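Worksheet for the structure shown next.
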Amino acid sequence: MSDAIVMQNVWKAYPNGVMALNGIDLSVKQGEFVYIVGPSGAGKSTFIKMIFRELKPTRGKIFINNKNIASLRERQVPYLRRKIGIVFQDFRLLPKLTVYENVAFALEVIEEHPRQIKKRVMDVLDLVGLKHKLRSFPNQLSGGEQQRVSIARSIVNRPPVLIADEPTGNLDPETSWQIMDVFKRINDQGTTIIMATHNRDIVNKVRHRVLGLEGGMIVRDQQEGDYGYED
Ligand code: ADP
Numbered sequence: 001m002s003d004a005i006v007m008q009n010v011w012k013a014y015p016n017g018v019m020a021l022n023g024i025d026l027s028v029k030q031g032e033f034v035y036i037v038g039p040s041g042a043g044k045s046t047f048i049k050m051i052f053r054e055l056k057p058t059r060g061k062i063f064i065n066n067k068n069i070a071s072l073r074e075r076q077v078p079y080l081r082r083k084i085g086i087v088f089q090d091f092r093l094l095p096k097l098t099v100y101e102n103v104a105f106a107l108e109v110i111e112e113h114p115r116q117i118k119k120r121v122m123d124v125l126d127l128v129g130l131k132h133k134l135r136s137f138p139n140q141l142s143g144g145e146q147q148r149v150s151i152a153r154s155i156v157n158r159p160p161v162l163i164a165d166e167p168t169g170n171l172d173p174e175t176s177w178q179i180m181d182v183f184k185r186i187n188d189q190g191t192t193i194i195m196a197t198h199n200r201d202i203v204n205k206v207r208h209r210v211l212g213l214e215g216g217m218i219v220r221d222q223q224e225g226d227y228g229y230e231d
């Protein structure tokens, strides 16, 4: 299997001098599902922001599909973002657009053919189980439904990699399991998933590779690992 993400000796210092990542070496194969766990302040968000070039490393290389994104020019960043779907804890939907429009928006900006757009949007809404809500607005949906729309939006371009930063952080346990079902379907289609989480139950029950971060370093890398912390 080819590598989806490779990090080589990645360091990140914030302008105030805080070292958030201290020499990360890592490779993730296409199709893997990886949890990122660790205490607050461990560097999880910084790590995730590096992958979609929200932040540049101070030192080191980051390859996404064999391209070093640390040295990417600013005007190439939008092309990278099409290869990476992103899901946040707080959904970040556009409140004035319907479910359909929120998902279609990501395709319209890359000038897909209208018929293609419709088919693709309906396919992903079907995948997340929300075809029947396509005319609803975000404020008419539950938190779990909003997160499913946000996931549909993140994968509508068929990115090879999906990043999720605490995707169940605002959801109750029952709804969180529904989100994990959706992620399973997406991962089964071959999409690499990187998920930062504090959700012990999920990590312990739905076993995948676990990367433990502490003090900006990878302190654990375990296939089918458990959550491990007592927080
Ligand atoms: P986590 O997501 O695991 O809670 P973060 O990546 O947010 O960890 O933070 C890692 C370290 O970097 C912490 O010490 C945090 O205080 C620091 N940090 C995060 N963002 C900034 C920033 N914008 N400026 C300075 N320090 C930051």
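Residue numbers (UniProt numbering): 1 to 231. Using N, Cα and C, we set each Cβ at its ideal position, and we do this for glycine too. Predicted model only: the values in this text are computed from it and were never measured.
Label residue i either buried or exposed according to how many other C-beta atoms from any shown protein chain fall within 10 Å of its C-beta, with 16 as the threshold for buried.
i, result
"Asp188", "exposed"
"Glu108", "exposed"
"Gln140", "exposed"
"Gly17", "exposed"
"Lys184", "exposed"
"Glu174", "exposed"
"Glu145", "buried"
Looking at the strands, I want to know which residues DSSP matches up with residue i.
i, result
"Ala164", "Val87, Met195"
"Ala13", "Met19"
"Ile202", "DSSP output for Ile202 lists no bridge partner at all."
Can you give the Cα-Cα distance for residue i and residue j, rounded to whole angstroms?
i, j, result
"Gly212", "Gly43", "10 Å"
"Phe47", "Leu21", "7 Å"
"Pro114", "Phe105", "11 Å"
"Phe33", "Met195", "8 Å"
"Val87", "Val161", "11 Å"
"Glu101", "Gly31", "29 Å"
"Pro95", "Arg153", "14 Å"
"Ser150", "Asn9", "32 Å"
Sort the options by Cα distance to residue i and report the nearest one.
i, options, result
"Met217", "Arg120, Pro39, Gly31, Lys119", "Pro39"
"Lys61", "Phe91, Gly23, Arg75", "Gly23"
"Glu74", "Glu54, Ile84, Asn170, Ile64", "Glu54"
"Asp165", "Lys83, Phe52, Arg59", "Phe52"
"residue 280", "Met180, Leu162, Lys56, Pro160", "In the structure displayed, the chain extends from 1 to 231; residue 280 sits before or after that span and is not available."
"Asp172", "Thr98, Gln147, Ile155", "Gln147"
For the beta strand (DSSP E) that contains residue i, what are its first and last residues?
i, result
"Val34", "33-37"
"Ile181", "First, the amino acid is wrong: residue 181 is Asp here, not Ile. That residue, Asp181, is in no beta strand (DSSP E); its alpha helix (DSSP H) goes 173-188."
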